[in-house]
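>
Residue numbers (the numbering used here), protein chains in the order written: chain A, 1 to 232; chain B, 1001 to 1410.
1. For residue 1194 of chain B, which three-state DSSP category applies?
2. When you check each C-beta in the segment 1291-1320 of chain B against every C-beta of chain A, which residues fall closer than 9 Å?
3. Assuming residue 1393 of chain B contacts residue 1301 of chain B under a Cβ cut-off of 8 Å, what Cβ separation, rounded to an integer in Å, is found between them?
4. From this set, B/1286, B/1405, B/1352, which residue's C-alpha is nearest residue 1379 of chain B's C-alpha?
5. Does any C-beta atom of chain B lie closer than 8 Å to the C-beta of residue 93 of chain A?
6. Give me, in chain order, the residues of the same chain whose beta-carbon lies closer than 7 Å to that of residue 1250 of chain B; leave out the 5 immediate sequence neighbours on both sides.
7. Checking contacts by CB at 8 Å: is residue 54 of chain A closer than that to chain E?
8. List, in chain order, every chain A residue whose beta-carbon is nearer than 8 Å to that of residue 1405 of chain B.
9. Flag residue 1413 of chain B as yes if its beta-carbon sits less than 8 Å from any beta-carbon of chain A, otherwise no.
10. Hey, which unbroken runs of the alpha helix (DSSP H) at 4 residues or more fall wholly within the segment 1039-1095 of chain B?
11. Using CA coordinates, which residue listed in B/1112, B/1073, B/1052, B/1284 is at the minimum distance from residue 1092 of chain B?
12. Using a beta-carbon distance below 8 Å, is residue 82 of chain A in contact with chain B?
13. Express the C-alpha separation of residue 136 of chain A and residue 20 of chain A in angstroms, rounding to a whole number.
14. Nearest to residue 1382 of chain B by alpha carbon, out of B/1023, B/1010, B/1006, B/1204?
15. Is it buried or exposed, residue 161 of chain A, if we count other Cβ atoms within 10 angstroms and call 16 or more buried?
16. Taking all protein chains shown into account, decide if residue 44 of chain A is buried (16 or more other Cβ within 10 angstroms of its Cβ) or exposed.
17. Using beta-carbon positions only, say whether residue 1146 of chain B and residue 1101 of chain B come within less than 8 Å of one another.
18. Quick one: does residue 1008 of chain B have its CB under 8 Å from some CB of chain A?
19. Closest to residue 1067 of chain B by C-alpha separation, out of B/1288, B/1384, B/1110, would be which residue?
20. Would you say residue 160 of chain A lies against chain B (beta-carbon separation less than 8 Å)?
21. Per DSSP, which residues does residue 22 of chain A bridge with? Please list them.
22. Report yes if the CB atom of residue 28 of chain A is closer than 8 Å to the CB atom of residue 52 of chain A, and no otherwise.
23. In angstroms with no decimal places, state the Cα-to-Cα distance between residue 1127 of chain B and residue 1193 of chain B.
24. What's the gap between the Cα of residue 26 of chain A and the Cα of residue 63 of chain A?
25. Looking at the secondary structure, which residues open and close the beta strand (DSSP E) in which residue 54 of chain A lies?
26. If you follow the alpha helix (DSSP H) that residue 1159 of chain B is in, where does it begin and where does it stop?
27. In or out: residue 1413 of chain B buried (at least 16 other Cβ within 10 Å) or exposed?
28. Rounded C-beta distance between residue 1153 of chain B and residue 1161 of chain B? I'm assuming under 8 Å.
29. Compare the C-beta of residue 1011 of chain B with all C-beta atoms of chain A and state if any pair is closer than 8 Å.
30. Beta carbon of residue 46 of chain A, beta carbon of residue 11 of chain A: below 8 Å?
31. Assign residue 61 of chain A to one of three DSSP states: helix, strand, or coil.
32. Counting Cβ pairs, one atom from each stretch, are 3 or more of them under 8 Å apart for the segment 1339-1352 of chain B and the segment 1013-1030 of chain B?
33. Grab the span of the beta strand (DSSP E) containing residue 221 of chain A for me, first residue to last.
34. How far does the alpha helix (DSSP H) with residue 1266 of chain B in it reach, from first residue to last?
35. Roughly how many angstroms separate the alpha carbons of residue 1039 of chain B and residue 1245 of chain B, rounded to a whole number?
36. Please work out which residues of its chain come closer than 6 Å, Cβ to Cβ, to residue 1006 of chain B, disregarding the five sequence neighbours upstream and downstream, and give them in chain order.
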């Protein structure tokens, strides 16, 4: 199965404007870990919003796990995202008023499929989230603490736990380590990839730091992918 | 999602608490206006429950009613004893109780009447007056106190009091040489009777310098009227339908100008004239509620900017823009529901804590009742208005989360 399949994709934010994103062809294999590097303004956030199903391309095809996203309604795409995509932001990933545990459990709030996957593994969502948080290095007391009292590094770990809870087949991380120092950054990436590998989760890791590519199966430059502005 | 809304609200508890308080206070005000009106009306109706007709010298009906029964305002003219005697001897009249007003003790009105007052006066659901201690006055220089009057003056049966002329708190002409003995104290009725000091017409006549009837032959006492004139009289009729005809007869009474009124009808007239004020109060209190709800709207709109990240996080875990919309609407609904409920609780708390003061000041007894249908309607209207107003921030959040998606640039 192919995780991401793109063909003749074209997207512009406003009608009758030149496209911000044009990708003739791109594929990501299932279970692959991929570093996507691009300077700011290269269409990074546009591509991510298309992959997450927030927006749909005006032209071309975008399929995730053989599901063409453009054939789904907005509501169906929200549902698809809830079930299949774990998403980590650069920062401010958490609802500050919920505990670390409740933040992680948000992943199951909108997805019954994730709950089913956890149930199949013989766990409750609470236990699974708890284990995941411990695995990511949070202490018992930190797990119960409200998210705003955690350090940035701990918050990113909670975000990772949420993204991975219920074993979604695709993980999208949008510069999740940019707020971390080098030491924390490396251990965070290693842990993230280790946990993803257990579920054979495909990882798309966006960063501007090419030095991280040693951790990933492949390295793609967005500028090589995106033909917008080149042919026009 | 309700859980999420609650937690989000708790996170902003300072501003949320203020909003709830604003809504609660305004709801209390809205309900209190209506409730006070109802309580006052029932109370007034209770006070005259056994009286079919009230007569007095020519004046406006409302003035006669207010001064004779509720001791509000004063009577300018008296009716003669002869006219009273004539009317009470008519076949339609079952009983007649004369009352004379104009004196006071420490600001409390003195009602001079006859023993028949205790026999015929009815309040509430046709209840008679009963004594907490002692008994009705029998002879001269005796008084009976209403429950509230007794506690205000701090007197008990056997004590003496002196009566002052005029109805003010302080009078320059106290009838010091005529102390009156308290022979009875009435049980609480929740009507203006509680505030009054009841004595016999003859006692009052003596105080005012008239002759004491005791000096005359007792066998002849019926020939002497107990007073030259009286302020008003309460009548009970043998059959209610006779009231209208008798009223017309009295209003066109030839020997002297008189006014007769049907208490129930005159009260209705009074309420009708006061309706404008009630409506003004209702409009004002509705405005206050609206201001409370607009405060909520302001706070919700102001918080939207800082909550954009929250919305993006929710969208990332699969919430649709519709869910974001629903989240804000449920927050507003929770706020207004809690606000309305606390407003209702505050109303009962106020009633409970102020009941004593209100009764001693006005004689009005607040009864604790479940909210009426009209009150439920008002509460419902508040919640619906809150809901409608919440559609504004909810719509904005919906648009915002559609535009932002997962990328928030704040």
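C-beta atoms are modelled at their ideal positions from N, C-alpha and C, and glycine is treated no differently.
To lay it out plainly:
1. Residue 1194 of chain B falls in the helix class under three-state DSSP.
2. 1309, 1310, 1312, 1313, 1314, 1315, 1316, 1317, 1318, 1319, 1320
3. 5 Å
4. With respect to the C-alpha of residue 1379 of chain B, the residue from B/1286, B/1405, B/1352 having the closest C-alpha is B/1286.
5. Using a Cβ-Cβ cut-off of 8 Å, residue 93 of chain A counts as an interface residue toward chain B, since at least one Cβ of chain B sits closer than that to its own.
6. 1055, 1087, 1258, 1260
7. Included in the structure are the protein chains A and B, with no chain E among them.
8. 49, 52, 54, 55
9. Here chain B covers residues 1001 to 1410 and nothing more, so residue 1413 of chain B does not appear.
10. 1061-1069, 1081-1088
11. B/1052
12. yes
13. The alpha-carbon atoms of residue 20 of chain A and residue 136 of chain A are separated by roughly 37 Å.
14. The closest CA to that of residue 1382 of chain B, considering only B/1023, B/1010, B/1006, B/1204, is found on B/1023.
15. buried
16. Counting Cβ neighbours within 10 Å, residue 44 of chain A comes out buried, since at least 16 surround it.
17. no
18. yes
19. B/1110
20. Contacts with chain B at 8 Å (Cβ-Cβ) do not include residue 160 of chain A.
21. A/10
22. no
23. 13 Å
24. 11 Å
25. Note, residue 54 of chain A: premise wrong, no beta strand (DSSP E); not H, not E.
26. That residue, residue 1159 of chain B, is in no alpha helix (DSSP H); it is neither H nor E in DSSP.
27. Any answer about residue 1413 of chain B is impossible in this case: the structure gives chain B only from 1001 up to 1410.
28. 7 Å
29. So yes, residue 1011 of chain B belongs to the interface.
30. Yes, these two residues count as a Cβ contact at 8 Å.
31. strand
32. yes
33. 218-221
34. Per DSSP, residue 1266 of chain B belongs to the alpha helix (DSSP H) from 1263-1306.
35. 31 Å
36. Within the same chain, residue 1006 of chain B has no close Cβ partners at all.
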